[in-house]
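**Student:** Sharing a structure below in structure tokens format, with a few things to ask.
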Amino acid sequence: MKKREAMEKLNKMSKEDLIKELEHATKDALMAKLNIESRKSEKTSEFGKKRKYIAQINTVLNTKA
């Protein structure tokens, strides 16, 4: 939607509708942030597990060699 169309839409909305729209946008933004944070933590924990597993394999290989 173009900026002008968006401004016209906002000007036509009632105060209650504007509040609902803002609450909805805020909830969406918070959920998006939570999803991003959870993905980051999943990636780092998976990376840590893989790194730990590789270190264990290297330890076993080095002790047998």
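Residue 39 in the numbering used here is what sits at position 54 of the sequence shown, and the numbering runs on without skipping anything.
Every residue, glycine too, gets a C-beta built ideally from N, C-alpha and C.
Inspect the beta-carbon positions of E6 and M16 and report whether they are closer than 9 Å.
**Tutor:** No, they are not a contact pair.
**Student:** Roughly how many whole angstroms lie between the Cα atoms of I39 and E22?
**Tutor:** Distance between the alpha carbons of I39 and E22: 26 Å.
**Student:** Alpha carbon to alpha carbon, what distance is there between T48 and L19?
**Tutor:** Taking the straight line from one Cα to the other gives about 43 Å.
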